[in-house]
Structures are given as structure tokens and as C-alpha cells.
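As C-alpha cells, the structure follows; a few thoughts come after it.
2 protein chains.
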Amino acid sequence: MPPISEETYLLRPIGHVESPLIDPAEAPKQSFEGAPAAWLVFDEAVREGLRELHVGDEIVVLTWLDRADRGVLRVHPRGDTSLPERGVFSTRSPHRPNPIGLHRVKITAIVDVLRIQVDALEALNGTPIVDLKPALKRGGSPPRQAPR
Amino acid sequence: MPPISEETYLLRPIGHVESPLIDPAEAPKQSFEGAPAAWLVFDEAVREGLRELHVGDEIVVLTWLDRADRGVLRVHPRGDTSLPERGVFSTRSPHRPNPIGLHRVKITAIVDVLRIQVDALEALNGTPIVDLKPALKRGGSPPRQAPR
Chain G
69 MPPISEETYL
79 LRPIGHVESP
89 LIDPAEAPKQ
99 SFEGAPAAWL
109 VFDEAVREGL
119 RELHVGDEIV
129 VLTWLDRADR
139 GVLRVHPRGD
149 TSLPERGVFS
159 TRSPHRPNPI
169 GLHRVKITAI
179 VDVLRIQVDA
189 LEALNGTPIV
199 DLKPALKRGG
209 SPPRQAPR
Chain C
69 MPPISEETYL
79 LRPIGHVESP
89 LIDPAEAPKQ
99 SFEGAPAAWL
109 VFDEAVREGL
119 RELHVGDEIV
129 VLTWLDRADR
139 GVLRVHPRGD
149 TSLPERGVFS
159 TRSPHRPNPI
169 GLHRVKITAI
179 VDVLRIQVDA
189 LEALNGTPIV
199 DLKPALKRGG
209 SPPRQAPR
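Going line by line, the protein sequences match chains G and C.
Going by this note's numbering, the residue at position 61 of the first sequence is 129; the numbering climbs one at a time, nothing skipped.
Going by this note's numbering, the residue at position 108 of the second sequence is 176; the numbering climbs one at a time, nothing skipped.
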């Protein structure tokens, strides 16, 4: 693939995933396919950004899938060569020009703000974390009304 | 905020948002608060990745919120100073160390693969697009079973 643009932006990880998943070949494709619990371990520098997270919160974890191939635009879904190739933007393949992983999870434990356990995560051990956001309810309603 | 890590990753935009939203002060905070239809305009280099997208598809658009402040870790929710400050990772504020925007939208038109219209997007005109993914149904089930 030719270079897309001169315009670039720098991602700086805010933490990393600690998971028993080591081997990409054994990792589930999606969290609902038997992904294990994992720890999100954050850098001291972002402590103040994490304080209001609580056990039970549903969040979206954004990761940088650092073992993905950024040159890929067409894939066989789920790596199954019996399925016709599709453009990566209509799949959840990790292989894509900007391999950002989206993982909707529930917080199951928090230790000293910086260590957050989540219920099921398909990301490999050591995967960089780049952002967290509260999950929105379907249909776009906010998760909790702010007090007035 | 001190530098978080020496480890960095380079995002290369795959396209840009065309929207009537020009002024950040007038943009809705969330798509369900009256965001307008917008066009996603992609670079020729990623055409092959887009071919299987169709009108009616629900997708997640990932943007780089290039006018956000990356040094912010605490915000008043929705910019309302009567609300107590919170850590950015428990809010949807654009201001955060890696300002990636997540926008769940429906495709309403496609012109020559590279121009995709979506129903409601709160991103400003010119915002870089970094990825697209099919939206997952709630509870983690896949949007469509692959044929066996």
C-alpha cells in the first residue's frame, strides 16, 4: 500500500494489558469467544484520569494491536480461506492501516487506581492501551444522567 | 503531564470528515444531541478496504480529534463548571492523552466507494478518520454469522 498521507499523529500508550494470552494463534477473535479476564496496568502519569472508574462500570478499552499487519486491506474473515476476501473496514480483523482494537468490558476489580481488572479481553499480553471511555448504551443514550 | 513513555505509534489518517460543523463551540457533545449528517471521504489508497460496506450498515467510525488538548486528565463533564471534575477516562470528553473519537453511525449513501454518507456525526469538518469497523451488537454477539 502506498503511503496514505503526509499527515500523521503520534499515539503514546497510557498502559499495557496483562493477560494469560501469549500466542496470537490461540487468542480468541472476540471477547465473547472465551477470552480470559485480564489486568489493565496504567502508567503513573495518568493516575488522575482514572480516579472515577469503579467496579461494575462498563467501559470501552482502546488498544494498539502492535502485532497487526498495517499493509493489509483485504482479508479472509476470521482467517478462514474458504470465506471470500473482504475489505478490512467491514471486518474486525486486527490487520488494517491503523490497528486500533476496541474492547467492551466490565471492570471487576481495581487496585490502587492504576491496576484495573476486566472480565474478558481478547488482547494479547503486553498490548499497549491508548484510551478508555465509558460505554454508551445502545441507541446513543448516555450511561448516566449528570446531576442538575 | 510528563511524557508517558518512549514507546510511540504513528497514526496515518485514511480520510477526513466533511460536515457543516465548523465551530467547536457549536458542535453537539454526542451524536444523539442533534448532530448532522456528514460525509466520510477516503483516500484512494484505501479503496480496496472499503468495497464491502453497504447502505444501512451500522459502523463505528474512529477519528483523531485533532483540536483536542492532550495534556488534560481532569475535566468538568460537558464543560459545565457546576459539575465536579472527573478523570477524563470516565468521560467522553475529547480532551485526553490520545484523543480518539468513537462514533456509532449508520451508512445512508455511498458514492464510488470512497465517499460514504452517515446519518449523524458530531465530529467537526476536516476531522481525520483513522479506522472503520462494523458495529457489534450489544452483549457481544457478532453482527452476522459467517456462512459455514
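Just so it is clear, CB atoms sit at the ideal spot from N, CA and C, and this is done for glycine as well.
Predicted, not measured: the structure shown is a model, and the values here were computed from it.
Query - Member of R160/C, I82/C and V123/C whose CA lies at the smallest distance from the CA of H144/C - result: One-based indexing of the second sequence puts residue 144/C at position 76. Cα-wise, what sits closest to H144/C is R160/C.
Query raised in the report: So which residues of chain G does R119/C contact, with C-beta pairs closer than 7 angstroms?
Result: For the purposes of this step, residue 119/C is identified with residue 51 of the second sequence, where counting begins at 1. Going along chain G in sequence order, the residues near R119/C (Cβ under 7 angstroms) are G155.
Query raised in the report: For P199/C, which residues does DSSP report across the bridge?
Result: Here the question's residue 199/C lines up with position 131 in the second sequence. Residue identity differs from the one stated: residue 199/C is Asp in this sequence, not Pro. Answer by DSSP bridge pairing, in chain order: L130/C.
Query raised in the report: Hey, does D137/G have any beta-carbon neighbour from chain C nearer than 9 angstroms?
Result: Here residue 137/G corresponds to residue number 69 of the first sequence, with the count starting at 1. Answer no: the Cβ-Cβ gap between D137/G and chain C never drops below 9 angstroms.
Query raised in the report: Is it right to say S150/C is buried, meaning 16 or more other beta carbons lie within 10 angstroms of its own, or is it exposed?
Result: Working through the second sequence from its first residue, we reach residue 150/C at position 82. Under this definition S150/C is an exposed residue.
Query - Selected residue, minimal CA-CA separation from L141/G, among G169/C, L78/C and K201/C - result: Locating residue 141/G in the first sequence gives position 73, counting from the first residue. Nearest option by C-alpha distance: K201/C.
Requested in this report: Give the secondary structure of R160/G by DSSP, where H, G and I count as helix, E and B as strand, and everything else as coil.
Outcome: For the purposes of this step, residue 160/G is taken as residue 92 along the first sequence, with counting starting at 1. Three-state result, R160/G: coil.
Query - Endpoints, the alpha helix (DSSP H) within which G117/G is located - result: Indexing the first sequence from 1 puts residue 117/G at position 49. Here the alpha helix (DSSP H) through G117/G covers R115 to L118.
Query raised in the report: If we count the other Cβ atoms within 10 Å of its Cβ and call it buried at 16 or more, is D137/G buried or exposed?
Result: Here residue 137/G refers to the residue found at position 69 of the first sequence. By the 10 Å Cβ count, D137/G comes out exposed.
Query raised in the report: Counting contacts by CB-CB distance shorter than 9 angstroms, is N166/C in contact with chain B?
Result: This model lacks chain B altogether, as its protein chains are G and C.
Query - Sequence-distant residues of the same chain with beta carbon closer than 8 angstroms to V66/C, five excluded per side - result: This structure leaves residue 66/C out entirely; chain C is present only between 69 and 216.
Requested in this report: Identify whether G155/C lies in helix, strand or coil by the three-state DSSP scheme.
Outcome: As a working mapping, residue 155/C is identified with position 87 in the second sequence. Note: G155/C maps to strand in three-state DSSP.
Requested in this report: Consult DSSP for E86/C and reduce its assignment to one of helix, strand or coil.
Outcome: Position 18 of the second sequence holds residue 86/C. In the displayed model, E86/C falls within a strand according to three-state DSSP.
Query raised in the report: When you compare only the Cα positions, how much space is there between K205/G and R172/G?
Result: Against the first sequence, residue 205/G aligns to sequence position 137. Against the first sequence, residue 172/G aligns to sequence position 104. Rounded to whole angstroms, K205/G to R172/G spans 11 angstroms at the Cα level.
Query raised in the report: Start and end of the beta strand (DSSP E) containing K174/G?
Result: Taking the first sequence and counting its residues from 1, one reaches residue 174/G at position 106. K174/G -> beta strand (DSSP E) spans I168 to V179.
**Report entry** Cβ pair A105/C, D180/C closer than 9 angstroms
**Finding:** The count along the second sequence starts at 1 and reaches residue 105/C at position 37. The count along the second sequence starts at 1 and reaches residue 180/C at position 112. No. Outside cutoff.
Report task. Output, in sequence order along the chain, the residues in the region 177 to 195 of chain G whose CB is closer than 7 angstroms to any CB in chain C. Result -> none
Report task. Look up R183/C in the DSSP assignment and say whether it is helix, strand or coil. Result -> Sequence index remark: in the second sequence, residue 183/C carries index 115 (1-based). Here R183/C sits in strand by DSSP.
Requested in this report: List the residues of chain G that S158/C touches, going by C-beta distances under 7 angstroms, in chain order.
Outcome: The residue labelled residue 158/C in the question sits at position 90 within the second sequence. Per Cβ cutoff of 7 angstroms: E120, L121 and P202.
Report task. Determine the burial state of R34/G: buried for a count of at least 16 other Cβ atoms within 10 Å of its Cβ, exposed for fewer. Result -> Missing from the structure shown is residue 34/G; chain G here goes from 69 to 216 and no further.
**Report entry** Environment of I90/C [buried if 16+ CB atoms lie within 10 Å]
**Finding:** Against the second sequence, residue 90/C aligns to sequence position 22. Flag for I90/C reads exposed.
Query raised in the report: Roughly how many angstroms separate the alpha carbons of G207/G and A203/C, rounded to a whole number?
Result: Counting from one through the first sequence, the residue named residue 207/G turns up at place 139. Counting from one through the second sequence, the residue named residue 203/C turns up at place 135. With a pLDDT of only 46 at G207/G, under the threshold of 50, the placement of this residue in the model should not be trusted; the figure read from the coordinates follows. Between G207/G and A203/C, the C-alpha separation is close to 12 angstroms.
Query raised in the report: So what's R142/G in DSSP terms, helix, strand or just coil?
Result: Counting from one through the first sequence, the residue named residue 142/G turns up at place 74. In the structure shown, R142/G sits in a strand (DSSP, three-state: E or B).
Query - Terminal residues of the beta strand (DSSP E) in which V109/G lies - result: For this step, residue 109/G is matched to residue 41 along the first sequence. A106 to F110 is the span of the beta strand (DSSP E), which, as asked, contains V109/G.
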